[in-house]
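Here the structure comes first, spelled out in structure tokens, and everything after it is commentary.
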């Protein structure tokens, strides 16, 4: 009988089954040392550790858990999500062609545009949630890499990972997926054929708004691209500290509970807003009339995440008035934390095509009735 693969919930709750061999403790210890001794013959310590840039036991334990969560053979931690994305692009050969999904997280788009311009990479941007767009672009450009984000931020567009993977690999490229909004609890991205999955672990994976971290995971650790990513992380020093890695391990033990509660709350909030007379549009994969619902239903299990956006009827001043009246939704940047947040994206990204009447919500784990009452009084 084939051995049953453990669920992401069990892996996260048990910290990957960790037990400290020295003490028997069920909680991984923090090893803060940055350097490790050699013996009198100048041989490395029996642990193999030399220097913390590559040899932090705490970081390695976190990477082991993250790899197992995503059904990956290996994972690499970075000091934040953008550092992980940067490593993916810096590891590409010169003169590469990359196709990047349009209207995703603005921080990604801005950095990629500037980097490709400096390095001479050919950059093509398009709405890759539309399958025909990706098929045509792959045929005409033969890209070395395609980068998608699903569900996307802040539009919640959902891209068919399996279709994208097959399309990209048929033209000899590699598919990288930013699955931050889904987390491995809702989507095990590599199971759908992606070459690399990326998460801003600052968001849902940590979920407590107190750690910056990013992660890449893959099932093709011997590929030249992945080997170049490893070298880039080492040489550029894009490493995470042991304390941050330990906090991430600690937070992930409740990952599935948080994601499930957030998704349930977000679904209720999205349905409430979609029926409100002062709301114009709601963007959330869990709504059956949402354009990306069918794709999301195919590749998201157990919910549709904490992130949603909605456009109110009126202009920027009305949107800002509503945001200012909210009491439980903190006016702050980020998503995936246990506390609910609201953002007026046009204020932060005024020249990126974000409507001035759009508000983005990250729905937390609070009592959903309290959240609905808060939204109701703000809208009225």
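In our numbering, the protein residues as written are 9 to 388.
Beta carbons are placed, not taken as given, at the ideal position from N, Cα and C, and that holds for glycine.
As the structure is a prediction and not an experimental result, all values here were calculated from the model.
Between the Cα of residue i and those of the options, spot the shortest distance and give me the residue it belongs to.
| i | options | result |
| --- | --- | --- |
| residue 190 | 313, 22, 25, 45 | 313 |
| residue 182 | 370, 229, 212 | 229 |
| residue 331 | 16, 141, 385 | 385 |
| residue 390 | 355, 369, 71, 361 | There is no way to answer for residue 390, as the model of the chain reaches only from 9 to 388. |
| residue 304 | 93, 105, 36, 158 | 158 |
| residue 102 | 265, 233, 277 | 233 |
| residue 38 | 22, 52, 217, 60 | 60 |
| residue 261 | 284, 216, 290, 297 | 216 |
| residue 291 | 388, 165, 238 | 165 |
| residue 184 | 237, 96, 32 | 96 |
| residue 348 | 87, 379, 48, 173 | 379 |
| residue 227 | 27, 53, 388, 74 | 74 |
| residue 15 | 358, 381, 309 | 309 |
| residue 119 | 92, 207, 202 | 92 |
| residue 43 | 58, 53, 366, 333 | 58 |
| residue 329 | 54, 372, 202, 388 | 388 |
| residue 338 | 286, 367, 28, 359 | 367 |
| residue 28 | 13, 69, 45, 63 | 69 |
| residue 358 | 30, 114, 21 | 114 |
| residue 381 | 82, 137, 295, 334 | 334 |
| residue 104 | 81, 132, 19 | 132 |
| residue 85 | 207, 258, 19, 56 | 207 |
Do residue j and residue i come within 8 Å of each other at the CB atom, strictly closer than that value?
| i | j | result |
| --- | --- | --- |
| residue 336 | residue 299 | no |
| residue 204 | residue 224 | yes |
| residue 65 | residue 196 | no |
| residue 307 | residue 200 | yes |
| residue 253 | residue 67 | yes |
| residue 281 | residue 370 | no |
| residue 352 | residue 363 | no |
| residue 23 | residue 40 | no |
| residue 284 | residue 293 | no |
| residue 107 | residue 134 | yes |
| residue 311 | residue 383 | no |
| residue 267 | residue 376 | no |
| residue 264 | residue 17 | yes |
| residue 179 | residue 150 | yes |
| residue 112 | residue 160 | yes |
| residue 173 | residue 202 | yes |
| residue 99 | residue 186 | no |
| residue 255 | residue 297 | no |
Please classify residue i as buried or exposed, where buried requires at least 16 neighbouring CB atoms within 10 angstroms.
| i | result |
| --- | --- |
| residue 222 | buried |
| residue 192 | buried |
| residue 9 | For residue 9, the predicted model reports a pLDDT of 47, less than 50, meaning its position is unreliable and no value from the coordinates is stated. |
| residue 251 | exposed |
| residue 288 | exposed |
| residue 71 | buried |
| residue 162 | buried |
| residue 90 | buried |
| residue 122 | exposed |
| residue 356 | exposed |
| residue 130 | exposed |
| residue 188 | buried |
| residue 350 | buried |
| residue 235 | exposed |
| residue 3 | This structure cannot speak to residue 3, because the chain is shown only from 9 to 388. |
| residue 25 | exposed |
| residue 1 | A question about residue 1 goes unanswered here, because the residues of the chain that appear run from 9 up to 388. |
| residue 31 | exposed |
| residue 76 | buried |
Where do the N-terminal and C-terminal ends of the alpha helix (DSSP H) with residue i fall, by residue?
| i | result |
| --- | --- |
| residue 263 | 263-282 |
| residue 4 | This structure leaves residue 4 out entirely; the chain is present only between 9 and 388. |
| residue 326 | 324-333 |
| residue 298 | Neither: residue 298 is in no alpha helix (DSSP H) and is coded neither H nor E. |
| residue 186 | Not the alpha helix (DSSP H): residue 186 falls in the beta strand (DSSP E), residues 182-186. |
| residue 252 | 250-260 |
| residue 225 | Segment 222-226 is the beta strand (DSSP E) holding residue 225; no alpha helix (DSSP H) there. |
| residue 214 | Neither: residue 214 is in no alpha helix (DSSP H) and is coded neither H nor E. |
| residue 156 | First-last for residue 156: 153-157, but that is the beta strand (DSSP E), not the alpha helix (DSSP H). |
| residue 77 | 65-77 |
| residue 176 | 169-178 |
Taking the beta strand (DSSP E) that residue i belongs to, which residues open and close that run?
| i | result |
| --- | --- |
| residue 112 | Looking at the DSSP string, residue 112 is not in any beta strand (DSSP E), and its letter there is neither H nor E. |
| residue 95 | Per DSSP, residue 95 belongs to no beta strand (DSSP E); it is in the alpha helix (DSSP H), 89-98. |
| residue 84 | 82-86 |
| residue 316 | 315-320 |
| residue 204 | 204-208 |
| residue 353 | Where residue 353 is concerned, there is no enclosing beta strand (DSSP E), although the alpha helix (DSSP H) it sits in stretches over 353-356. |
| residue 366 | 366-370 |
I'd like to know whether the C-beta of residue i is nearer than 8 Å to at least one C-beta of chain D.
| i | result |
| --- | --- |
| residue 367 | The displayed structure is made up of one protein chain only, and chain D is not part of it. |
Check your understanding: So, do the stretch 233-246 and the stretch 113-126 have three or more beta carbon pairs nearer to each other than 8 Å?
Key -> no
Check your understanding: Per the contact definition of three or more C-beta pairs closer than 8 Å, is the stretch 308-326 in contact with the stretch 168-178?
Key -> no
Review point. Do three or more CB pairs link the stretch 260-280 to the stretch 150-161 at distances below 8 Å?
Key: Output reads no: the stretch 150-161 does not touch the stretch 260-280.
**Study point:** Given 8 Å, three or more beta-carbon pairs between the stretch 206-215 and the stretch 341-355
**Key:** yes
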